[in-house]
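Asks: Structure in structure tokens, see below.
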Amino acid sequence: MQAWFARHYGGPEVLRLAQAPIPAIKPDQILVRILATTVNSGDVRVRGCDFPAGTKLMGRLALGWNGPRQPILGTEYAGVVESIGAGVTRFQNGDAVYAFSGLIMRAHAQYAAIAENGPVALLPAGLDFHQASSLCFGGTTALHYLRQAGLKPGDDILVLGASGAVGLALVQLARHRGARVTASTSAANAELVLRHGADRVIDYRSTDIASLPDRFDIVADAVGAMTFIDAQNLLRPEGRYLAIAGALKEMLGSLSKGREGRRMIAGPAAERAEDVVELGRLAAAGHYRPHIDKVFDWSELPAAHAYVETGRKRGSVVVSVGE
Ligand SMILES: NC(=O)c1ccc[n+]([C@@H]2O[C@H](COP(=O)([O-])OP(=O)(O)OC[C@H]3O[C@@H](n4cnc5c(N)ncnc54)[C@H](OP(=O)(O)O)[C@@H]3O)[C@@H](O)[C@H]2O)c1
Numbered sequence: 052m053q054a055w056f057a058r059h060y061g062g063p064e065v066l067r068l069a070q071a072p073i074p075a076i077k078p079d080q081i082l083v084r085i086l087a088t089t090v091n092s093g094d095v096r097v098r099g100c101d102f103p104a105g106t107k108l109m110g111r112l113a114l115g116w117n118g119p120r121q122p123i124l125g126t127e128y129a130g131v132v133e134s135i136g137a138g139v140t141r142f143q144n145g146d147a148v149y150a151f152s153g154l155i156m157r158a159h160a161q162y163a164a165i166a167e168n169g170p171v172a173l174l175p176a177g178l179d180f181h182q183a184s185s186l187c188f189g190g191t192t193a194l195h196y197l198r199q200a201g202l203k204p205g206d207d208i209l210v211l212g213a214s215g216a217v218g219l220a221l222v223q224l225a226r227h228r229g230a231r232v233t234a235s236t237s238a239a240n241a242e243l244v245l246r247h248g249a250d251r252v253i254d255y256r257s258t259d260i261a262s263l264p265d266r267f268d269i270v271a272d273a274v275g276a277m278t279f280i281d282a283q284n285l286l287r288p289e290g291r292y293l294a295i296a297g298a299l300k301e302m303l304g305s306l307s308k309g310r311e312g313r314r315m316i317a318g319p320a321a322e323r324a325e326d327v328v329e330l331g332r333l334a335a336a337g338h339y340r341p342h343i344d345k346v347f348d349w350s351e352l353p354a355a356h357a358y359v360e361t362g363r364k365r366g367s368v369v370v371s372v373g374e
């Protein structure tokens with residue numbers, strides 16, 4: 052099969068298309084022929100060794116010193132079951148599925164193996180392969196952080212960076228759970244964010260968000276636009292600041308409370324198979340739909356990296372995986 056390899060850290064030019072063996076499946080695994088995958092902010096961070104401040108050493112120790120130890124990047128995909136292991140009961144050949152490989156990556160390839168009880172599920176009704184491939188990166192992050200924040204119906208949430216993959220998932224999932232959603236975005240993306248369920252948008256380029264008179268139960272910062280010190284002024288007592296793009300400073304800061312019980316939540320989102328299934332259920336019910344900004348051909352995957360690296364993408368960037 053073909054796969055894109057990042058054997059060294061660097062710009063999109065380090066990516067190379069090469070042959071790799073089709074993964075051998077274990078008795079509890081299925082082999083998926085990948086038809087669509089995404090290039091997301093996580094892929095770009097790993098390829099560029101661009102880990103949040105203070106975590107570079109940890110990142111290199113965990114992921115590889117001179118280049119990614121696991122050089123096939125890509126965290127989410129959708130495709131068709133090509134073959135099943137001897138013990139598989141939940142899937143059959145020809146099933147259309149989507150999956151989240153997360154930190155294991157390996158989605159920028161023509162085939163992937165995954166355990167049938169892992170983060171994989173049947174394609175939700177009404178979604179095509181491109182949309183299904185984009186369900187999980189932003190979606191699992193949003194589910195994790197909303198769970199950590201204990202979001203309740205009637206809460207006021209401010210989403211910073213609402214037009215990105217994580218931001219658009221936060222807007223939709225918070226709205227579905229009955230929160231009132233205020234979102235910060237540039238004027239060009241206001242309509243997109245309103246269409247995905249925000250009650251109100253604020254243009255961060257013309258308004259100083261930190262000086263808003265409003266008070267929120269949760270400030271979800273998906274772009275590192277604010278510090279906990281500034282966020283505390285926007286939070287009600289006991290309010291939560293979600294430092295989703297946070298660095299080591301935020302992870303350490305999350306160990307202690309701020310004024311009047313306000314607290315910061317930071318760190319990597321959990322990767323749970325049940326969240327992957329839940330996202331498909333929400334999508335089938337019309338409560339959550341990834342927005343696809345651009346679709347690149349398989350041969351153009353480095354161009355997809357370059358586009359995502361601009362930091363200006365809206366929602367998800369899909370790569371169509373050809374023969
Ligand atoms: N903790 C975790 O486990 C976890 C998991 C996933 C992602 N992350 C992190 O979360 C961050 C977001 O990821 P993503 O994939 O959603 O990013 P993304 O899709 O690349 O975000 C791009 C969007 O951010 C908007 N934006 C940029 N600066 C902004 C600002 N100051 N205020 C408001 N909007 C702004 C841009 O809109 P404009 O063009 O309008 O500015 C653009 O639409 C990344 O740093 C990523 O590493 C963390």
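Residue 193 in the numbering used here sits at position 142 of the sequence shown, and the numbers go up by one each step. Think of the CB as a built atom: it goes at the ideal place given N, C-alpha and C, for glycine as much as any other residue.
#1: Whose C-alpha, out of S305, I73, R365 and A220, is nearest the C-alpha of G337?
#2: Please report the distance separating the alpha-carbon of A216 from that of K107.
#3: Hey, how far is the Cα of S305 from the Cα of D254?
#4: Out of P78, G153 and S134, state which residue places its alpha-carbon closest to the alpha-carbon of N144.
#5: Using the Cα positions of P72 and M52, report the straight-line distance between them to the nearest angstrom.
#6: Near A334, what residues of its chain come up, given a Cβ to Cβ distance below 7 Å and the 5 sequence neighbours on each side ignored?
#7: Is any heavy atom in ligand 1 found nearer than 7 Å to the beta carbon of K107?
#8: Please name the residue in Q199, D250, R332 and I208 whose C-alpha comes closest to that of G318.
#9: Return yes when at least one heavy atom of ligand 1 lies under 7 Å from the C-beta of S214, else no.
#10: With distances taken from CA atoms, which of Q80, G110 and N168 is nearest G93?
#11: How about A75 and F56: do their beta carbons lie closer than 8 Å?
#12: In the DSSP assignment, the alpha helix (DSSP H) including A225 goes from what residue to what residue?
#13: Please report how far the alpha carbon of R96 lies from the alpha carbon of A296, in whole angstroms.
#14: Can you determine whether any heavy atom of ligand 1 sits closer than 7 Å to the C-beta of R365, and answer yes or no?
#15: Do you know offhand how far I280's Cα is from W349's?
#16: Take T126 as the anchor and find which of G115, Q80, T191 and A113 has the nearest alpha-carbon.
#17: Between the alpha carbons of A163 and I85, how many angstroms are there, rounded?
#18: So, with DSSP's three-state summary, where would you put E289?
#19: Three or more C-beta pairs closer than 8 Å, one from the stretch 241–249 and one from the stretch 265–281: is that the case here?
#20: Could you pull out every residue in the same chain whose Cβ sits closer than 6 Å to the Cβ of P78, ignoring the five residues on either side in sequence?
#21: Where do the ends of the alpha helix (DSSP H) carrying V95 lie?
#22: What did DSSP end up calling K345 once you bin it into helix, strand or coil?
#23: Suppose contacts are defined by Cβ-Cβ distances below 8 Å. Is R365 in contact with L243 by that definition?
#24: Indicate the three-state DSSP secondary structure (helix, strand or coil) for Q182 in the structure shown.
Replies: The answer reads as follows:
#1: Taking the Cα of G337 as reference, the smallest distance to any Cα among S305, I73, R365 and A220 is reached at A220.
#2: 23 Å
#3: 28 Å
#4: S134
#5: 6 Å
#6: P175, L178, L186 and R340
#7: no
#8: Q199
#9: yes
#10: G110
#11: no
#12: A216 to H227
#13: 11 Å
#14: yes
#15: Roughly 44 Å separates the two Cα atoms.
#16: T191
#17: 7 Å
#18: strand
#19: Touching, no.
#20: Cβ neighbours of P78 beyond the five flanking positions: G136, A137 and G138.
#21: Note, V95: alpha helix (DSSP H), S92 to R98.
#22: strand
#23: yes
#24: DSSP, read as helix, strand or coil, puts Q182 in helix.
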